[in-house]
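Asker: Residue numbers (numbering that gives the first Met the number 0), protein chains in the order written: chain A, 0 to 98; chain B, 0 to 126; chain C, 0 to 182. This is the structure I have questions about; it appears just below.
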Amino acid sequence: MTGHRSIRLVYENCTSCMICVRECPAWCIALSSHSEPIPGSPPGPRQRTHNILDAFSIDWSLCLYCGICVEECPFDALAWSDELPAPAASASGLVEELT
Amino acid sequence: MRYYDWFSDGSLVVGAIGLACCVVETEAATAGRPELTGVPDGARVVLAVAGTVTDAVAPLVAATVAAHPGASVVSFGACASAGGPYWDSPVVTKGVDQLVPVDHYLPGCPPTPAALAALLEQEYRHG
Amino acid sequence: MADEVRRVEADGWHDAVAAAVASGLAWFDWLGGVDEIGRADAIRVTIRLAASPDADGVRLETLVPRDGSALASVADVVTGAAWHEREVRDFFGVGFTGGDERPLLLREGAVGHPLRRDAVLAARVVRPWPGAKEPGETVAAGRRRMVPPGVPNPDVWGEREGDPASPEEVAASVQGGRVRRRR
């Protein structure tokens with residue numbers, strides 16, 4: 000059985016669509032990405048691109064474990080995890096970079 | 000406030016400043032531990048701030064912490080750490096660290112009793 | 000089953016509620032407010048009464064101007080409404096003459112009425128919204144600022160030329176509608 004003590008990122012599924020970031024009621028998810036040409040696609044002014052995820056963090060000092068991000072993610076890139084986030088010596092220390 | 004002799008050896012006294020639902024978890028964590036009527040001389044004190052700090056109750060929280068000089072403060076859960084789900088409320092303090100210095104932040108909404116026990120075990124078991 | 004809705008004038012509010020209670024609708028469900036800004040410059044105050052908890056209810060509604068006007072308190076005929084009236088007074092700024100004047104949920108001396116649609120959540124304005132970025136953006140581009148729910152469009156909030164935005168403009172922008180910029 001999987002508990003819901005924290006939320007983990009399934010990196011390879013994330014398309015950097017920003018849906019989780021916008022749906023989060025606590026504004027606790029930060030995501031940054033950049034766009035790159037798809038390898039092998041024909042070059043030119045209309046070359047197809049895809050987004051590469053650069054950084055994804057959750058601020059555990061704000062997260063209310065509501066699971067809206069897990070529910071809303073269309074690509075199953077977020078999932079419940081049984082692991083508790085670690086305590087920290089500062090509030091900013093509760094911001095965890097997920098990889 | 001209720002004080003508990005955490006390790007049953009008089010070395011660490013834990014008091015919970017219970018403000019909201021996180022108190023259910025701190026009570027579960029203290030259940031079964033010896034309750035004290037006050038803080039014995041020489042004991043280390045940990046105050047766990049559990050729950051939402053509203054602007055109305057903020058002075059009382061600050062005064063309670065000030066009444067325990069030298070005590071360590073544990074911010075228990077999201078509300079005490081940064082306002083949690085109520086971070087955008089016009090009447091909620093965005094974390095108890097705006098009032099008093101905090102030594103440890105325990106994440107969770109709520110954190111588990113085991114998480115508090117593990118933190119205290121690690122930080123305060125031996126001196 | 001849908002409630003029957005009776006719209007009454009503000010000055011006939013107390014008598015209408017008293018008559019409804021006298022007609023047998025003696026079970027009080029709730030009393031609340033809705034900011035009608037954009038449709039009317041008023042707060043809609045609603046009371047729901049029924050003959051019993053399981054019976055179909057009747058909702059009496061009236062519009063109270065947003066300028067701080069007052070309704071007659073109905074706490075003398077519906078005792079339980081006293082707390083609800085205090086809540087509506089706190090959150091919407093509607094007075095209830097003859098009622099309990101003490102705040103219920105806000106502190107004494109609190110400024111503003113948080114459930115009015117033109118009340119701005121300061122914390123949401125101050126904190127940068129993580130969702131302002133578009134997919135593929137490392138930093139939010141400035142050309143078209145996305146605004147989170149609960150924060151008015153920058154065109155009507157904060158620094159702008161000319162007169163301050165009217166409550167209608169602020170409310171419309173909070174609802175996500177396009178706000179016409181005044182020149």
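The beta-carbon is built from N, C-alpha and C at its ideal position, and this holds for glycine as well.
Do T63 (chain B) and A19 (chain B) have their C-beta atoms closer together than 8 Å?
Answerer: Cβ atoms of T63 (chain B) and A19 (chain B): not closer than 8 Å.
Asker: Could you name each continuous alpha helix (DSSP H) segment of 4 residues or more that falls completely within the stretch 18-101 of chain C, going from the start of the chain to the end?
Answerer: Correct list: 80-91.
Asker: Measure the Cβ-Cβ separation of F74 (chain A) and N12 (chain A) and say whether it is below 8 Å.
Answerer: Cβ distance < 8 Å, so F74 (chain A) and N12 (chain A) count as in contact.
Asker: Since V63 (chain C) and V20 (chain C) are thought to touch, with beta carbons under 8 Å apart, how far apart are those beta carbons, to the nearest angstrom?
Answerer: Not really, about 20 Å apart at Cβ, beyond 8 Å.
Asker: Give the secondary structure of I33 (chain A) by DSSP, where H, G and I count as helix, E and B as strand, and everything else as coil.
Answerer: Going by the sequence as given, residue 33 (chain A) is His instead of Ile. H33 (chain A): strand per DSSP, three-state reduction.
Asker: Taking 7 Å as the limit between beta carbons, can you name the residues of its chain near A39 (chain C), skipping five residues before and five after?
Answerer: Counting only Cβ-Cβ distances below 7 Å, and skipping sequence neighbours, we find L62.
Asker: Restricting to Cα atoms, I'd like to know which of C:A139, C:V138, C:P127, C:T137 is closest to V150 (chain C).
Answerer: The shortest C-alpha separation from V150 (chain C) is found at C:P127.
Asker: Please identify, using Cβ separations under 7 Å, the residues of the stretch 51-83 of chain A that lie next to chain C, in order along the chain.
Answerer: Listed in sequence order: D53.
Asker: Using a Cβ cut-off of 8 Å, pull out every chain B residue sitting near A29 (chain A), in sequence order please.
Answerer: What A29 (chain A) touches in chain B: nothing, since even the nearest Cβ is about 14 Å away.
Asker: What does H103 (chain B) pair with, by DSSP beta-bridge criteria?
Answerer: In the DSSP output, where bridge partners are listed per residue, H103 (chain B) has B:V73.
Asker: What would DSSP say about E34 (chain B), mapped onto helix, strand or coil?
Answerer: In the structure shown, E34 (chain B) sits in a strand (DSSP, three-state: E or B).
Asker: Does the beta carbon of R126 (chain C) sit closer than 8 Å to a beta carbon anywhere in chain A?
Answerer: Closer than 8 Å: yes.
Asker: Only counting the same chain, and skipping five residues up and downstream in sequence, which positions put a Cβ closer than 6 Å to that of T29 (chain B)?
Answerer: Within the same chain, T29 (chain B) has close Cβ partners Y3.
Asker: Going by beta carbon distance, what residues of the same chain come within less than 7 Å of R88 (chain C), once the five residues before and after it are set aside?
Answerer: Around R88 (chain C): G94, F95.
Asker: Indicate whether at least one CB of chain B lies closer than 8 Å to the CB of S89 (chain A).
Answerer: Yes, contact with chain B.
Asker: Would you mind sorting L104 (chain C) into buried or exposed? The rule is 16 or more other CB atoms within 10 Å of its CB.
Answerer: Result: exposed.
Asker: What's the C-alpha gap between G23 (chain C) and A74 (chain C)?
Answerer: The straight-line gap from Cα to Cα measures roughly 17 Å.
Asker: Report yes if the CB atom of S74 (chain B) is closer than 8 Å to the CB atom of Y123 (chain B), and no otherwise.
Answerer: The answer is no: Cβ separation not under 8 Å.
Asker: State the Cα-Cα distance for the pair G56 (chain C) and W29 (chain C), rounded to the nearest angstrom.
Answerer: Straight-line Cα distance between these residues: approximately 11 Å.
Asker: Can you check which of these residues, C:E100, C:E35, C:A54, is closest to A25 (chain C) by C-alpha distance?
Answerer: The shortest C-alpha separation from A25 (chain C) is found at C:A54.
Asker: Can you tell me whether I37 (chain A) is buried or exposed? The criterion is at least 16 other CB atoms within 10 Å of its CB, across all chains shown.
Answerer: It counts as exposed.
Asker: Jot down the residue ranges of each uninterrupted alpha helix (DSSP H) in the stretch 114-146 of chain C, minimum 4 residues, whole runs only, in chain order.
Answerer: Runs of the alpha helix (DSSP H) inside the stretch 114-146 of chain C: 121-125.
Asker: Here's the rule: buried if 16 or more other CB atoms are within 10 angstroms of the residue's CB, otherwise exposed. What is H112 (chain C)?
Answerer: Result: buried.
Asker: Rounded C-beta distance between G147 (chain C) and A29 (chain A)? I'm assuming under 8 Å.
Answerer: Sequence inspection shows Pro at residue 147 (chain C); the Gly mentioned does not correspond to that position. Actually they are not in contact, since the Cβ atoms of P147 (chain C) and A29 (chain A) sit about 14 Å apart, beyond 8 Å.
Asker: Looking at the secondary structure, which residues open and close the alpha helix (DSSP H) in which E120 (chain B) lies?
Answerer: Taken as a continuous stretch (DSSP letters only), the alpha helix (DSSP H) holding E120 (chain B) covers 112-123.
Asker: Let me see if you follow: with CB-CB separation under 8 Å, is G135 (chain C) close to chain A or not?
Answerer: At least one chain A Cβ lies under 8 Å of G135 (chain C).
Asker: Assess, as a yes-or-no matter, whether the stretch 70-85 of chain B is touched by the stretch 39-58 of chain B under the definition of 3 or more beta carbon pairs within less than 8 Å.
Answerer: Yes, since at least three Cβ pairs between the stretch 39-58 of chain B and the stretch 70-85 of chain B fall closer than 8 Å, the two stretches touch.
Asker: For a contact defined as C-beta to C-beta under 7 Å, what are the partners of L93 (chain A) on chain B?
Answerer: Ordered by position in chain B, the residues that pass the 7 Å Cβ test against L93 (chain A) are S80, Y104, P106.
Asker: Below 7 Å on C-beta distance, what does H33 (chain A) contact in chain C?
Answerer: Here the neighbours are G135, T137.
Asker: A9 (chain C): which of C:G135, C:E100, C:A71, C:R106 sits nearest, CA to CA?
Answerer: The shortest Cα separation from A9 (chain C) among C:G135, C:E100, C:A71, C:R106 belongs to C:A71.
Asker: Given a cut-off of 8 Å on the beta-carbon distance, is the pair L114 (chain C) and D2 (chain C) in contact?
Answerer: Against a cut-off of 8 Å, the Cβ pair of D2 (chain C) and L114 (chain C) comes out as no contact.
Asker: Run through chain B and tell me which residues come within less than 9 Å of L120 (chain C), C-beta to C-beta.
Answerer: Going along chain B in sequence order, the residues near L120 (chain C) (Cβ under 9 Å) are D87, S88, P89.
Asker: Can you list the residues of chain C that C16 (chain A) reaches, using a CB-CB cut of under 9 Å?
Answerer: The answer, in chain order, is P134.
Asker: Distance cutoff 8 Å, beta carbons only. Does D2 (chain C) sit that close to anything in chain A?
Answerer: Closer than 8 Å: no.
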